[in-house]
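One gets the working numbering by counting positions in the sequence shown from 1 and adding 33 to each. Where is the CB? At the ideal position from N, CA and C, for every residue including glycine. Just so it is clear, the structure is predicted and the values come from calculations on it, not from any experiment. Input: a single structure, listed below in structure tokens.
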Amino acid sequence: MKKTLTTLCAMLMCFLPLALCAQDNSKEGTNNMNGKKVLVAFFSRADENYNVGYIEKGNTQIIAEMIAEETGGTLFHIETVTPYPADYMECIDVAKKELNSKARPTIKGDAQVEDYDIIFLGYPNWWGDVPMAVYTFIKKHDWQGKTVIPFCTHEGSGLSSTEGKLKNACKGATFLKGLAIQGATAQNRQTQARQSVMNWLGKLEIKN
């Protein structure tokens with residue numbers, strides 16, 4: 034009996050590393066980031082939103098978390114020191130004034146962009162632009178040599194002109210194809226949203 038147990042333990046010890054190795058290889062294949070350090074920085078707003086009502090987690094945050102899960106990236110939530118109003122129409126009024134004046138709202142904390150190779154940059158598309166707080170974040174850092182991959186949530190406008198505006202703001206960065214997902218899909222059809230994220234990530238050409 035003792036000999037049988039010893040043999041079984043030895044067999045388990047042999048197979049365990051193989052199983053762990055298989056799991057690791059599977060994860061690497063999903064990530065597709067070639068060992069690069071990944072940051073997923075995003076602006077997202079909860080409370081009352083267009084087409085989805087009052088929500089506890091913002092549409093863009095949902096997508097950002099999916100990207101971080103698939104890539105092993107570090108999440109950073111770009112948040113303003115002064116919160117936006119919970120009411121949708123009041124928020125629109127504040128955000129539109131910021132856009133027209135090209136305001137740069139003060140944000141909480143920061144992420145060390147310089148420590149990362151790839152930065153996924155997420156935001157809701159507001160009137161064909163990114164929320165002004167995203168520019169506050171961008172202005173704090175040197176983007177030379179970084180790979181930037183934009184993603185946004187929207188209600189019909191897609192990425193529109195946001196990619197071009199980000200390219201102008203992130204001087205010296207290389208941009209890869211962005212992703213646009215409708216806010217209602219992110220909020221209410223998350224299986225579909227995750228599949229879109231995975232398909233998109235699988236097609237990105239990350240250089241060694």
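_Beta-carbon gap between residue 138 and residue 165 smaller than 7 Å_ = Sequence index remark: in the sequence shown, residue 138 carries index 105 (1-based). Sequence index remark: in the sequence shown, residue 165 carries index 132 (1-based). Yes, Cβ-Cβ distance for residue 138 and residue 165 is below 7 Å.
_6 Å CB neighbourhood of residue 207 in its chain, flanking five on each side removed_ = Reading the sequence shown from its first residue, position 174 is the one you call residue 207. Take residue 207, set aside five residues on each side of it, and the residues of its chain with a beta-carbon closer than 6 Å to its own are 180, in chain order.
*Contact set for residue 124: own chain, Cβ-Cβ below 6 Å, skip 5 residues either direction*: Counted from its first residue, the sequence shown places residue 124 at position 91. Result list for residue 124: 117, 118, in chain order.
*Tell me whether residue 79 sits in a helix, a strand or coil according to DSSP, three-state version.*
As a working note, residue 79 is residue 46 in the sequence shown. Coil.
*From 222, 210, 77, 224, pick the residue whose C-alpha is nearest to that of residue 236; which is it?*
Reading the sequence shown from its first residue, position 203 is the one you call residue 236. Per the Cα distances, 210.
*Mind the definition here: the stretch 155–173 touches the stretch 189–206 only if three or more C-beta pairs lie below 8 Å; say whether that holds.*
Because the criterion of three Cβ pairs below 8 Å is met, the stretch 155–173 and the stretch 189–206 touch.
*asked:* I want to check one thing, is the minimum distance from the CB of residue 207 to the heavy atoms of the ligand GDP below 6 Å?
replied: The ligand GDP is not part of the structure shown, which contains no ligands of any sort.
_Unbroken beta strand (DSSP E) run spanning residue 212, endpoints_ = Residue mapping note: residue 212 aligns to position 179 of the sequence shown, counting from 1. It spans 212–215 - the beta strand (DSSP E) in which residue 212 sits, taken as one unbroken run.
*State whether the stretch 212–230 contacts the stretch 79–99, with contact taken as three or more CB pairs (one from each stretch) at a distance under 8 Å.*
yes
*The beta strand (DSSP E) with residue 93 in it runs from where to where?*
Against the sequence shown, residue 93 aligns to sequence position 60. Not the beta strand (DSSP E): residue 93 falls in the alpha helix (DSSP H), residues 92–104.
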